[in-house]
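Residue numbering for the sequence shown follows numbering that gives the first Met the number 0, starting at 0 and increasing by one per position. No residue lacks a Cβ here, since even glycine has one placed at the ideal position from N, Cα and C.
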Amino acid sequence: MNNIEYWLLDVVVTRYYPLYILTAPNVAAILNRKYVYGQGLSYSILVDAVGRLFLQGYIQLAWWHVPLHTWMPMTDLNSSRSTIEAALQGETEVNYGLTGKGGAAWEAKLHPNWQKYKDEDVSSEPGNIARITAGSIEVINEYMSLVFPSYLYPFVPIPETLMMEQISPWQATYWKSLPLGYRIQFNYQTAEADVVPSDNFLERYHTITQWYDEQFFAS
């Protein structure tokens with residue numbers, strides 16, 4: 000497997016994405032990634048790479064079934080080059096994601112630390128509720144102490160609303176299940192004063208949130 004194919008796996012490590020974002024000029028902003036190895040690749044290279052990954056069982060192509068609220072894998076159309084080309088050009092809403100085999104290949108190359116992986120949901124409706132889930136309590140506490148409040152989240156947790164639960168098993172991503180996870184839920188209120196970021200905020204944020212070898216795509 001080449002680096003382009005590993006990058007295609009990395010794009011969808013936490014969620015499905017429509018194929019057409021791979022050709023977007025602002026793909027780095029869409030993915031919120033520091034490194035975008037495959038930016039600017041031609042249609043033919045992308046079509047070949049996506050086709051190989053599918054045929055070898057590393058990815059699946061799917062569409063979102065709204066009534067059932069689930070991904071529906073495509074079957075016969077998956078091997079069609081014209082289908083992949085149309086999806087890359089935005090003519091169809093075809094998404095792609097990892098299979099178990101694809102996830103294992105990504106893990107072997109990028110060396111994730113699942114204890115540091117976290118999932119967050121900060122919603123303003125209803126009741127200003129936030130939920131943070133991770134592989135360890137320490138990761139959650141360190142993250143909360145950094146970003147609440149911050150310019151990312153100018154909010155203050157309401158202490159008496161804090162609740163913690165263990166999740167076993169924990170479905171960390173759509174393809175990865177872990178034996179145990181932890182979730183903290185709380186209500187929050189807007190900070191009374193403007194939040195000024197500390198000098199080393201971004202450095203600390205990167206240290207806390209980096210959970211796999213992103214440097215692989217730096218070159």
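{"query": "I183 and I131 closer than 8 Å at C-beta", "result": "yes"}
{"query": "Whole alpha helix (DSSP H) elements within the segment 105-140, 4-residue minimum", "result": "none"}
{"query": "Three or more C-beta pairs below 8 Å linking the segment 81-94 and the segment 40-57", "result": "yes"}
{"query": "Proximal residues to E164 (C-beta, below 7 Å), its chain only, five neighbours per side dropped", "result": "R182"}
{"query": "Range covered by the beta strand (DSSP E) that runs through I166", "result": "M162 to I166"}
{"query": "Sequence-distant residues of the same chain with beta carbon closer than 7 Å to I207, five excluded per side", "result": "E141, Y142 and L145"}
{"query": "Unbroken alpha helix (DSSP H) run spanning G50, endpoints", "result": "Y42 to L54"}
{"query": "Cβ contact check for the segment 155-169 and the segment 100-108: 3 or more pairs under 8 Å", "result": "no"}
{"query": "Helix, strand or coil at S176 [DSSP, three-state]", "result": "strand"}
{"query": "Nonlocal neighbours in the same chain, by C-beta distance under 7 Å from L30, ignoring five residues either side", "result": "V10"}
{"query": "Cα-Cα separation, D47 to Q188", "result": "50 Å"}
{"query": "Residues near Y116 by beta carbon distance below 7 Å, same chain, minus five either side", "result": "A133, G134, A171 and W210"}
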